Amino acid sequence: MASVDVVIIGAGHNGLVAANYLARAGLRVIVIERSDRVGGACVTDEIAPGFKVSAAAYVSGLFRPQIIEDLELKRFGLRQVAFDPQAFCPFPDGRSLRLWYDADKTSEEIAAFSEKDAKAYPAYEAMWSQVVELTEPMILAPPVPLAELASLLRDPETEELFRRLIFSSAEDLLREYFESDEVVAALANQSVIGHFAGPTTPGTAFTMSHNLLGNIDGAVGGWGFVIGGMGALPEALAAAARSRGVEILVNTAVEKILVHGGRATGVRLADGREVAAKAVVSTADPKRTFLKTMDPADLPEDFLAAVRRIKMHGAAMKVNCAISELPKWTAAPETPGPHHRGSTYIGPSIGYVEDAFADAKYGKPSQHPWLEVVTQSVLDPSVAPPGKHTLSIYAQYSPYRLVSGSWDDIKESYGDRIVETLAEYAPNVPKAILARDVITPLDLERRFGLTEAHQSHGEMGVDQFFSFRPVPGWANYRMPVKGLYLCGAGTHPGGGVSGAPGYNGAHVVLEDWKSLRDSA
Ligand SMILES: Cc1cc2nc3c(=O)[nH]c(=O)nc-3n(C[C@H](O)[C@H](O)[C@H](O)COP(=O)(O)OP(=O)(O)OC[C@H]3O[C@@H](n4cnc5c(N)ncnc54)[C@H](O)[C@@H]3O)c2cc1C
Numbered sequence: 010m011a012s013v014d015v016v017i018i019g020a021g022h023n024g025l026v027a028a029n030y031l032a033r034a035g036l037r038v039i040v041i042e043r044s045d046r047v048g049g050a051c052v053t054d055e056i057a058p059g060f061k062v063s064a065a066a067y068v069s070g071l072f073r074p075q076i077i078e079d080l081e082l083k084r085f086g087l088r089q090v091a092f093d094p095q096a097f098c099p100f101p102d103g104r105s106l107r108l109w110y111d112a113d114k115t116s117e118e119i120a121a122f123s124e125k126d127a128k129a130y131p132a133y134e135a136m137w138s139q140v141v142e143l144t145e146p147m148i149l150a151p152p153v154p155l156a157e158l159a160s161l162l163r164d165p166e167t168e169e170l171f172r173r174l175i176f177s178s179a180e181d182l183l184r185e186y187f188e189s190d191e192v193v194a195a196l197a198n199q200s201v202i203g204h205f206a207g208p209t210t211p212g213t214a215f216t217m218s219h220n221l222l223g224n225i226d227g228a229v230g231g232w233g234f235v236i237g238g239m240g241a242l243p244e245a246l247a248a249a250a251r252s253r254g255v256e257i258l259v260n261t262a263v264e265k266i267l268v269h270g271g272r273a274t275g276v277r278l279a280d281g282r283e284v285a286a287k288a289v290v291s292t293a294d295p296k297r298t299f300l301k302t303m304d305p306a307d308l309p310e311d312f313l314a315a316v317r318r319i320k321m322h323g324a325a326m327k328v329n330c331a332i333s334e335l336p337k338w339t340a341a342p343e344t345p346g347p348h349h350r351g352s353t354y355i356g357p358s359i360g361y362v363e364d365a366f367a368d369a370k371y372g373k374p375s376q377h378p379w380l381e382v383v384t385q386s387v388l389d390p391s392v393a394p395p396g397k398h399t400l401s402i403y404a405q406y407s408p409y410r411l412v413s414g415s416w417d418d419i420k421e422s423y424g425d426r427i428v429e430t431l432a433e434y435a436p437n438v439p440k441a442i443l444a445r446d447v448i449t450p451l452d453l454e455r456r457f458g459l460t461e462a463h464q465s466h467g468e469m470g471v472d473q474f475f476s477f478r479p480v481p482g483w484a485n486y487r488m489p490v491k492g493l494y495l496c497g498a499g500t501h502p503g504g505g506v507s508g509a510p511g512y513n514g515a516h517v518v519l520e521d522w523k524s525l526r527d528s529a
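Read in order, the letters of the sequence shown correspond to residues 10 to 529 in this note's numbering.
#1: Quick check: is any heavy atom of ligand 1 less than 7 Å from the C-beta of residue 42?
#2: On the three-pair Cβ rule with 8 Å, is the stretch 259–278 touching the stretch 42–54?
#3: At which residues does the alpha helix (DSSP H) containing residue 128 begin and terminate?
#4: Are the CB atoms of residue 443 and residue 492 within a distance shorter than 8 Å?
#5: Give me the Cα-Cα distance between residue 22 and residue 512, rounded to the nearest whole angstrom.
#6: Using only the heavy atoms of ligand 1, determine whether one of them is closer than 7 Å to the beta carbon of residue 501.
#7: Which residues in the same chain as residue 101 place their Cβ atom closer than 7 Å to its Cβ, once the five residues preceding and following it in sequence are excluded?
#8: Since residue 215 and residue 175 should fall inside the 8 Å C-beta cutoff, what is the C-beta to C-beta distance between them, to a whole number of angstroms?
#9: Can you tell which of 59, 64, 60, 35 has the C-alpha that lies nearest to the C-alpha of residue 46?
#10: In or out: residue 350 buried (at least 16 other Cβ within 10 Å) or exposed?
#11: Mapping the DSSP letters down to three states, classify residue 92 as helix, strand or coil.
#12: If you reduce the DSSP assignment to three classes, tell me which class residue 12 lands in.
#13: Name the DSSP beta bridge partners of residue 275, please?
#14: Does the Cβ of residue 378 have 16 or more other Cβ atoms within 10 Å, making it buried, or fewer, making it exposed?
#15: Compute the Euclidean distance between the alpha carbons of residue 471 and residue 477, then round it to the nearest angstrom.
#16: Once DSSP output is grouped into helix, strand and coil, what is the label at residue 477?
#17: Between which residues of its own chain and residue 12 is the CB-CB distance below 6 Å, once the five residues before and five after are set aside?
#18: Would residue 482 count as contacting chain B if we go by Cβ distances under 8 Å?
#19: If residue 293 sits next to residue 302, beta carbons under 8 Å apart, how far is it from one beta carbon to the other, in whole angstroms?
#20: Would the stretch 387–396 and the stretch 423–430 be scored as touching if the rule is three or more Cβ pairs under 8 Å?
#21: Using 7 Å as the cut-off, classify the Cβ of residue 200 as near or not near the heavy atoms of ligand 1, replying yes or no.
#22: Can you tell me whether residue 149 sits near ligand 1, meaning its C-beta is under 7 Å from at least one heavy atom of the ligand?
#23: Alpha carbon to alpha carbon, how far is residue 179 from residue 222?
#24: For residue 479 versus residue 319, is the C-beta spacing smaller than 8 Å?
#25: In its own chain, which residues sit with a C-beta less than 6 Å from the C-beta of residue 68, not counting the 5 before and 5 after it?
#26: Let me know the alpha helix (DSSP H) ranges lying completely inside the stretch 444–520, each 4 residues or longer, listed in chain order.
#27: Does residue 155 pass the burial test, meaning 16 or more other C-beta atoms within 10 Å, or should it be called exposed?
#28: Leaving aside the five residues before and after residue 309 along the sequence, list all residues of the same chain whose C-beta is less than 8 Å from its C-beta, in chain order.
#29: If we ignore side chains and look at the alpha-carbon of each, how far apart do residue 160 and residue 372 end up?
#30: From residue 297 to residue 421, what does the alpha carbon distance come to, in whole angstroms?
#31: Excluding the five sequence neighbours on either side, which residues of its own chain have a C-beta within less than 7 Å of the C-beta of residue 189, listed in chain order?
#32: Leaving out five residues before and five after residue 61 in sequence, what residues of the same chain have Cβ atoms less than 6 Å from its Cβ?
#33: What are the partner residues of residue 51, as DSSP defines its beta bridges?
#34: Relative to the C-alpha of residue 113, which residue among 344, 300, 133, 446 is closest?
#35: Under the assumption that residue 236 contacts residue 89 (Cβ atoms under 8 Å), give the Cβ distance between them as a whole number of angstroms.
#36: By Cβ distance below 8 Å, which residues in the same chain neighbour residue 484 in space, the five residues on each side in sequence not counted?
Have a look at this one:
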C-alpha cells in the first residue's frame with residue numbers, strides 16, 4: 010500500500026493549488042483524479058480539428074494574483090489576456106451598450122440611454138470599489154464569522170452598504186442609481202451567472218459582488234481569457250506541482266475515504282488499491298464527498314443532515330461551437346469590432362431574465378434563455394485555425410431537475426433553441442456553425458463530477474456563504490473527522506476559478522500538520 014503525507018481527492022484547479030502549497034512546504038502529496046485529465050470544470054476541449062474551446066468555465070479573472078506569483082505559474086506557461094469592453098449588451102430595438110473597464114468611457118455610452126444615469130455611474134462604481142476594498146482581504150483567508158462581519162458596520166455608510174448588498178435584489182440596488190431599463194438590465198447580468206435566481210431575487214445584489222472580483226495582472230474588476238483555453242491554467246498548476254514532487258494520478262477514482270478510530274487514514278480506490286495518508290483533502294463537492302465517498306457511520310448525523318440540505322440545483326449549460334465567421338450583431342454591424350473581444354449578454358430586460366428564471370423554477374428550460382457569449386479566438390488566435398473562430402455560449406436557465414422528460418432526450422433540440430435565441434441578435438450564427446458540443450446539466454454532472462450540475466458545488470446565496478459554507482459550524486476547511494479537510498468550491502469563498510479554497514484549505518492543513526504528523 011502506498012503511503013504519503015497528504016492525499017488530495019480531485020485534480021480540479023483547487024486540488025492542484027492545494028497540492029502545490031503543501032508540496033512547497035515539504036509534504037509528500039498525491040492527487041487522485043477520476044477523469045482522464047486535470048482541471049475539473051476548468052478544461053479545454055478540441056471540438057473539431059484546431060478548434061479549442063473552454064468546455065465549462067470560459068472566462069478568467071477570479072484566479073488570485075498572489076497564487077500566480079507564489080507558485081510561479083507564468084514560468085509554467087500560464088498566460089492570460091484581459092478583454093475590453095468587459096461587456097456588450099445588444100437590445101431588440103437595435104441599440105446596444107458596452108461596459109468598458111474605464112468608467113468614464115462607460116458613462117459616455119450610458120449617456121445615450123440617460124444623462125442622469127451617466128452622471129450616477131461614478132457613484133455606482135465607487136460603491137463597488139468600497140465593496141472590493143472590504144471583501145478582497147477576506148478571500149485568501151478562512152471565512153470570518155457573522156459576528157465579526159457585523160463588527161465591520163461601524164459607521165452609517167458601511168451599514169448602508171451592508172443593507173444594499175445582503176438584503177437587496179440586484180434590481181433594487183440598481184434602481185437606487187439608474188432610471189434606464191436598458192442600463193439596469195446590462196448591469197444586472199452579473200447578478201445571475203451560475204445562480205438559481207433572477208435579478209429580482211433578494212440576495213442577488215450580493216452575488217454581483219463575487220463576479221466583480223476579477224483581477225488580471227492587477228486590473229481590478231477585470232475579466233479575460235487564459236491563452237489556449239481555461240485548461241491551460243490547471244495544466245500550468247499540474248506542471249508546477251510535479252516540479253515540486255507531487256504525484257498526480259488520472260483515470261483513478263476514489264471510492265472511499267478510510268476512517269479508523271475517528272481519524273481519516275487514507276483512501277480506497279475504485280480498483281481496490283489503498284493509499285495511506287496522514288491527512289485526506291477532498292476537493293470534490295460536499296455532497297459527493299460526504300454522501301457518496303464516506304461511510305455515514307463515520308460522520309455525525311446532524312452534519313450529514315446539513316450536507317443533504319445544501320442547495321445545489323444547477324441551472325446552466327453550454328453550447329460550444331466551431332464557427333466559420335464571427336457573429337454579425339444586428340445592433341453593432343462592425344465585424345470584427347471591439348464588442349467581439351469580451352462577453353456579450355443576451356438579457357435585454359429584467360423582465361426577460363425573470364421570465365427565463367420563472368420557466369426554470371417550475372422545472373422547464375427557459376423558452377427564451379439568458380446567454381453569455383464569448384469568441385475567445387478574437388483575442389487568442391491559438392484556439393482556432395486561421396480565419397476561423399470559436400464560440401462559447403453559456404445558457405440559463407436549464408434546471409437540472411426537469412418537470413418531465415430527460416436532458417438526454419432534449420439535448421440537441423434545446424441546443425437548437427439556444428442557438429435560435431442567439432440568432433435573434435446575430436442572424437448569421439446558425440449557418441456559420443461547423444461543429445458544436447452541447448453540454449447539458451446531466452453532462453456537467455457526468456463529465457465533471459458536479460453533483461446536480463452545480464458549478465459552485467452549492468448555491469452562492471448569502472445563506473450558504475462565509476461561515477455557512479459548506480454547512481454552518483464546519484466552515485474552516487476542517488471536517489468532523491480528524492485529518493479530513495474539504496477545500497473545493499463548496500467551501501469559502503466558493504465557486505469560480507479563484508484557487509482561493511485550495512489556498513485556504515492547504516494553509517489550514519499546514520497549521521495542523523505538526524499535530525497530524527505526531528498523532529499518526
Ligand atoms: C458551465 C460552467 C461554466 C463556468 N464558467 C466559469 C467561468 O467562466 N469563470 C469561472 O471563474 N468559473 C466558472 N465556472 C465555475 C468553475 O469552473 C468551478 O467553480 C471551479 O472549476 C471549481 O473548481 P474545484 O477545483 O473546486 O472543483 P472541480 O473543478 O469540480 O474539481 C473537482 C475534481 O474532483 C474530481 N473528483 C470528484 N470526485 C472524485 C473521486 N471520487 N475521485 C477522484 N476524483 C474525483 C472531479 O472529477 C473534478 O476533477 C463554470 C462552471 C461551469 C460548470
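All residues carry an ideal CB built from backbone N, CA and C; glycine is no exception. For clarity, every value in this text was computed on a predicted model and none was experimentally measured.
Taking the definition as stated:
#1: yes
#2: yes
#3: 124–144
#4: no
#5: 10 Å
#6: no
#7: 357
#8: 6 Å
#9: 64
#10: buried
#11: coil
#12: strand
#13: 267, 285
#14: buried
#15: 8 Å
#16: helix
#17: 285
#18: Considering every chain present, this structure includes no chain B. It has just one protein chain.
#19: 7 Å
#20: no
#21: no
#22: no
#23: 16 Å
#24: yes
#25: 232
#26: 450–457
#27: exposed
#28: 489
#29: 41 Å
#30: 28 Å
#31: 122, 123, 126
#32: 53, 55, 238, 392
#33: Beta-bridge pairing links residue 51 to no other residue.
#34: 133
#35: 7 Å
#36: 151, 152, 475, 476, 477, 478, 500, 501
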